[in-house]
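> The structure that follows is given in the form of structure tokens.
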Amino acid sequence: MLEMEPFVDTHAHLIGGVDWKLMEEIAESGVLKQAWLMHCPCVSDNIPFADEDEVLECARRYPGLFIPFGYIDFGKGPGEVERLREKGFLGLKAISPLKPYNDESYFPVYAKAEELGMPILFHVGIISKGFWKRLKTPGFPGPGNMKPSMLDTIADAFPKLQLIQGHQGVPWLDELWESLFYYPNIRCSVCGLVDYEWLIRNLDRRCSFGATFSQRLMFGVDGLYGSRPHWQDILDTAVFTDEFFKRVGRTCNWGNSRRNFMAENAAALFGGGR
Ligand SMILES: [Zn+2]
1 MLEMEPFVDT
11 HAHLIGGVDW
21 KLMEEIAESG
31 VLKQAWLMHC
41 PCVSDNIPFA
51 DEDEVLECAR
61 RYPGLFIPFG
71 YIDFGKGPGE
81 VERLREKGFL
91 GLKAISPLKP
101 YNDESYFPVY
111 AKAEELGMPI
121 LFHVGIISKG
131 FWKRLKTPGF
141 PGPGNMKPSM
151 LDTIADAFPK
161 LQLIQGHQGV
171 PWLDELWESL
181 FYYPNIRCSV
191 CGLVDYEWLI
201 RNLDRRCSFG
211 ATFSQRLMFG
221 VDGLYGSRPH
231 WQDILDTAVF
241 TDEFFKRVGR
251 TCNWGNSRRN
261 FMAENAAALF
271 GGGR
């Protein structure tokens, strides 16, 4: 049995052809409180991702445990956000825009998300090599349209919209803390290419509105649910992060924030899960 606090995984994907027996085991294990499932119309290393219907099926089978995020196709405008909400998605994932995230032509999309109460997780910074070739929507934007500071304008213009920095925005990490310092509607889902030195230096920082960064940053893996080897990888990452707080954080204030980082900070958006 794992000696670990149950966690919320704030950035996850679902594999196509889900192993439902495994999902049942995960649901019963008690180790996962909640996972935010990002639909991504893409293929990664020849592994097919689940389509919209499979992501929603998973959320329907395990309500509160899996939270479905729909993929924003910026080319389709606010009507697409409405369609995703009506279909059952509760959050949105933004990635690879053809123009910078804070381009005003995207504001109707953000206005609709704010109106419908759908948080948006924005991929910020570095993106895996060749990703644009595997995405089923056209264009080759690269990471330059996905700088963390672009979220500031959106957070200002739509104060009721919840924005999530997906990853740490490498190589623009300094932009992360400026956004977190000023905006109570910006949080960070830490996963992917994690810079642990940055975490050690920044977890004890304080926001302009009083919270510490350890109350604004959230655990994530960016792993694949629905297949056994991938689930093991997710567990390994959770165990490592848990130990990081216990052992590396032992002499810092943030070392006491393990439960916040692993689960409680995320509860503000979709409840605490199971
Ligand atoms: Zn991802």
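Following this note's numbering, the numbering of the sequence shown begins with 1 at its first residue and continues without gaps. All C-beta atoms, glycine included, are put in the ideal place defined by N, C-alpha and C.
#1: Three Cβ pairs or more, each shorter than 8 Å: is that satisfied between the region 230-239 and the region 157-169?
#2: What residues are listed by DSSP as bridge partners for Phe219?
#3: Under 6 Å from any heavy atom of ligand 1, by CB: list those residues in chain order, please.
#4: When burial is assigned at 16 or more other CB atoms within 10 Å of the CB, is Gln34 buried or exposed?
#5: Looking at the C-beta of Cys58, does it have a partner C-beta in chain C at a distance below 9 Å?
#6: Could you check where the alpha helix (DSSP H) with Gly91 kicks off and where it finishes?
#7: Is Gly142 buried or exposed, if buried means 16 or more other CB atoms sit within 10 Å of its CB?
#8: The alpha helix (DSSP H) spanning Lys278 covers which residue range?
#9: Residues bridged to Gly36 by DSSP?
#10: Hey, quick one: how far does the alpha helix (DSSP H) through Gly79 stretch, first residue to last?
#11: Given Ile120, which residues of its chain have a CB within under 8 Å of its CB, disregarding the five upstream and five downstream residues?
#12: In terms of alpha-carbon separation, which member of Trp254, Val170, Asp222, Gly77 lies closest to Asp204?
#13: Note down the Cα distance separating Leu98 from Arg250, rounded to an integer number of angstroms.
#14: Per DSSP, which residues does Val239 bridge with? Please list them.
#15: My output table needs one value for Val124: the three-state DSSP class, helix, strand or coil.
#16: Report the start-end ranges of each alpha helix (DSSP H) in the region 153-200 that is 4 residues or longer and not cut off at the edges.
#17: Could you tell me whether the Cβ atoms of Val55 and Pro63 are closer together than 9 Å?
#18: Write down the C-beta distance between Lys87 and Glu52 rounded to the nearest angstrom, noting that I regard them as a contact closer than 8 Å.
#19: Compare the Cα-Cα distances from Val221 to each of Leu173, Glu197, Ser189, Ser214 and report the closest residue.
#20: The beta strand (DSSP E) spanning Phe7 covers which residue range?
#21: Mind checking Phe74: buried by the 16 CB within 10 Å criterion, or exposed?
#22: So what does Leu224 bridge to, in DSSP terms?
#23: Quickly, what does DSSP pair Thr212 with across the bridge? List them, please.
#24: Check whether the Cβ atoms of Thr10 and Phe219 lie closer than 9 Å to each other.
#25: Is the distance from the Cβ of Phe7 to the Cβ of Asp242 below 9 Å?
#26: Tell me which residues share the same chain as Phe209 and place their Cβ nearer than 6 Å to its Cβ, disregarding the 5 neighbours each side in the sequence.
Looking at the coordinates:
#1: no
#2: Bridge pairing for Phe219: Val190 [DSSP].
#3: His11, His13, Met38, Asp222
#4: buried
#5: Here chain C cannot be found, since the structure has a single protein chain.
#6: Unbroken run through Gly91 is the beta strand (DSSP E), 91-94; no alpha helix (DSSP H).
#7: exposed
#8: The structure shown does not extend to residue 278, since the chain is modelled only from 1 through 274, so no value can be given for it.
#9: Looking at the sequence provided, one finds Trp at residue 36 rather than Gly. Beta-bridge pairing links Trp36 to Ile67.
#10: Run containing Gly79: 78-87, per the alpha helix (DSSP H) assignment.
#11: Ile72, Gly91, Leu92, Lys93, Ala94, Tyr110, Ala113, Leu161, Gln162, Leu163, Ile164
#12: Trp254
#13: 43 Å
#14: Partner(s): none; Val239 has no beta bridge.
#15: coil
#16: Counting only runs of at least 4 residues, the region 153-200 fully encloses the following alpha helix (DSSP H) elements, listed from N- to C-terminal order: 173-182.
#17: In this structure, Pro63 does not lie closer than 9 Å to Val55 by Cβ.
#18: 7 Å
#19: Ser189
#20: 7-14
#21: Counting the other CB atoms within 10 Å of its CB gives Phe74 a total of 16 or more, which places it among the buried residues.
#22: His13
#23: Arg206
#24: A contact, by the Cβ cut-off of 9 Å.
#25: Yes, the Cβ-Cβ distance between Phe7 and Asp242 is below 9 Å.
#26: Pro184
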